[in-house]
Amino acid sequence: MASSSMASDGMAALSSGPYKVPVPWRRPDPLSQRVGLTVAICALVILLPFGPYRVPLAFLIAAVQLIATVVVRRRKATVTEELGSYLFVEHLLMLVVVLVAPSGYLGIAIVAIGSLASNSPYVPQSWLRGLAVITMFTFVAPALIFGLDTGPMVIGAGLFIVGHVVLNRSGALLHAEEVATAAQYEADHDALTGLPNRRVLRAVLDGRGDTARPVALLLLDIDHFKEINDSLGHDVGDHVLREVARRLAGIDDEVLVVRLGGDEFAAVVPGSVARADEFAEAIDRCMQPTTWVHGVSLAVRASIGLAHTYAAPPRLLLRYADIAMYRAKREGAGPTWYRPEDNPHTERRIMLMQGIVDAIESGHIRPWFQPQIDILTGEVVGGEALARWDHPRLGVVGAAELLEHVKLAGKQHEFSVAMLRRSIEAAISWPGHIRLSVNVSLRDIRSRDFGAEVEFLLATTGFDPRRLTLEVVEYAADACTDGAVPAAQRIRSTGVSLSLDDFGQAASSLARLDLFDVDELKIERRFVARMIRQRRDDPFVDSVVALANRLGLRLVAEGVENDEMARAVAKVGIRVVQGYHYGRPARTLRVERFAPMAPPGASLLDL
């Protein structure tokens, strides 16, 4: 298991927290105290009037003590267990002395009572009470009744009491130390996996100075762990967590591996960025073997985020690694390093969040337009509205960044309606054959009020609904419910078209066509780019084109960035394209005709 101290890295030692043994004090040695007490007992038995058998009795005591000590030491028990065993033997020896030297049993009774009165922490309280009662009635009562001479025995009894009190006091201190150590271990370690916990990680990172050796913090989150718990049960989930912990801890003894809670783990990797990359790759390798639980084979994978002290102070590593980890999970990427632009707490993001609501309401967020071109004629047949915010301090803020902050602010619906209204107001002045495309979410389509708001905008502006296309992002279709179907039908009944955006992004693209009726498919830009590099994608494109033609759907290829890509999509029969090759988004739509790809009269098959 990975070491939690990382002494080789010069990492600061963990603080002992609130569970501290009082210092300074000399930690007692049970063995040396045992020897000293045995010698004292034997000497007192020989010197004091314990009867004619005092010398054999002393040797018997020494032999019993020796045997007991050897047996206890061979058990490799804890310090408190050792002392408890020793005190049990002491009480047995007291009874033996009483039986062998009955004339001195009053002194032994005093010793027994004194030993019990010292309140040994190793014997259950019920035993203590019982022994005290037995000692009182067995030893003290006969002495009082028969009036035995007890003078010489008082000195020996007092010395015995002192010895037992010292032993018990040392045991109490050691017991307190072990309790404190156990409590601190429980406070610093995860009960399920045995790994150090978040408290340890915080202590390690907070204790690092600016001159300390550089380290990287790696944050790991098990993918789809909730589904494992929900479908197979928490017992299986716990087994998976223990197995992941075992594999992680076995990679490198110099790396501190921590369970943060739930399905999150962390690792502090000393050294350079390259070493952290190597450790992340080692995690990928160690996670490859399937995990067997109750005869079920599970393929466990994880998303990994990393941050290094080269880029951030130690106190911020956990936050930055967490940001990187969620980007890795969101993008389905491998181990991902923190980037400043991903930080949701930067001044830029704070400024955007502070002004996003007012920008939506005041109209500062406006549509820019990218043309859609008929590739055969070069004619502009449509324009897609893309949100832009001309921020007074940050400049132009793009659509992706805007949407992220709109969702955080909970203003998705207001944003969609505002963009639709301003896009229609701009498109009224376009030539009548040019269509307007506006992005909306599936949540907008499902909304009870959205269809009515679309109808109201069309009625008040006089915009021809047949020129409007609402593009629904495809990856939101997994949230589709039955309510989306009648809502979509109501929108289409007005003459407005629906388009499935980013088609081809998900493996189930073809199957998702039956969610609700659409009029257009937009081929995803990354898929279009791969058409040039990977010829194996052509059969899928051919099937999409054939299916679209059979269903009477329009096809639009987005992300066309050069002439080679334009000719590739044209060859498979996609006629309408948009992308940087024809124009970037601008404040107004370019409506002038582009140069046609083929001479008049030519078909796409001639290209």
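The sequence shown begins at 214 in this note's numbering and counts up one residue at a time.
By construction, the Cβ of each residue, glycine as well, lies at the ideal position given by its N, Cα and C atoms.
Around the Cβ of Glu777, a 10 Å sphere holds fewer than 16 other Cβ atoms; the residue is exposed.
Under the DSSP assignment, Ile496 falls in the alpha helix (DSSP H) whose first and last residues are 486 to 500. If you draw a straight line from the Cα of Arg286 to the Cα of Pro265, it comes to about 33 Å. In chain order, Ala479, Gly518, Ala534, Asp535, Met538 place their CB closer than 6 Å to the CB of Leu432, counting only its own chain and leaving out the 5 sequence neighbours on each side.
In this chain, the alpha helix (DSSP H) harbouring Phe663 covers 663 to 674. Distance between Gly576 and Ala631, taken at the CA atoms: about 8 Å. Under DSSP, His521 shares a beta bridge with Ala429.
The closest CA to that of Ile704, considering only Glu737, Pro269, Glu666, is found on Glu666.
Around the C-beta of Ile736, 16 or more other C-beta atoms lie within 10 Å, and the residue is accordingly described as buried.
According to the DSSP secondary-structure assignment, Lys289 is paired through a beta bridge with no residue. Of all C-beta pairs linking the region 647 to 662 to the region 620 to 629, three or more are shorter than 8 Å, placing the two stretches in contact. Around the beta carbon of Phe272, fewer than 16 other beta carbons sit within 10 angstroms, so the residue counts as exposed.
In this structure, Leu802 lies away from Pro548, with their beta-carbon atoms at least 8 Å apart.
A straight line joining the alpha-carbon of Leu530 with that of Ser444 spans about 34 Å. When rounded, the separation of the alpha-carbon atoms in Leu734 and Glu684 is 9 Å.
Going by beta carbons, Arg459 and Leu405 fall outside the 8 Å limit. Relative to Ser636, the option among Ala600, Glu560, Val471, Trp550 whose CA is nearest is Ala600. If you draw a 10 Å sphere on the C-beta of Asp730, you find fewer than 16 other C-beta atoms in it, and that means exposed. Non-local C-beta neighbours of Thr590 in its own chain, meaning closer than 7 Å and more than five positions away in sequence, comprise Pro809, ordered along the chain. In this structure, Ile647 keeps its C-beta atom at 8 Å or more from the C-beta atom of Phe676. In terms of Cα proximity to Leu430, the closest of Gln625, Arg679, Val268, Ser485 is Ser485. By the CB criterion at 8 Å, Glu805 and Gly792 fall outside the cutoff.
In chain order, Ile637 place their CB closer than 6 Å to the CB of Thr674, counting only its own chain and leaving out the 5 sequence neighbours on each side. Listed as beta-bridge partners of Gly474 by DSSP are Glu477.
Listed in chain order, the non-local C-beta contacts of Val302 below 6 Å within the same chain comprise Ala281, local neighbours out to five positions each way being set aside.
Here Ala622 is not near Met564, since their CB atoms are 8 Å or more apart.
Under DSSP, Ser516 takes part in a beta bridge, and its partners are Asp434.
The three-state secondary structure of Thr590, taken from DSSP, is coil.
Spanning the alpha carbons of Arg780 and Glu668 requires a straight line of approximately 39 Å.
With contacts defined as CB atoms closer than 8 Å, Val470 and Ala462 qualify as a contacting pair. DSSP places Glu638 inside the alpha helix (DSSP H), whose first and last residues are 625 to 640. In this structure, Ile569 sits near Lys624, with a CB-CB distance shorter than 8 Å.
Rounded to whole angstroms, the separation of the alpha carbons of Asp714 and Asp755 is 18 Å.
Bounds of any alpha helix (DSSP H) do not take in Ile464, whose DSSP letter is neither H nor E. In this structure, the beta-carbon distance from Ser510 to Asp436 does not fall below 8 Å. Boundaries of the beta strand (DSSP E) around Asp714: 710 to 716.
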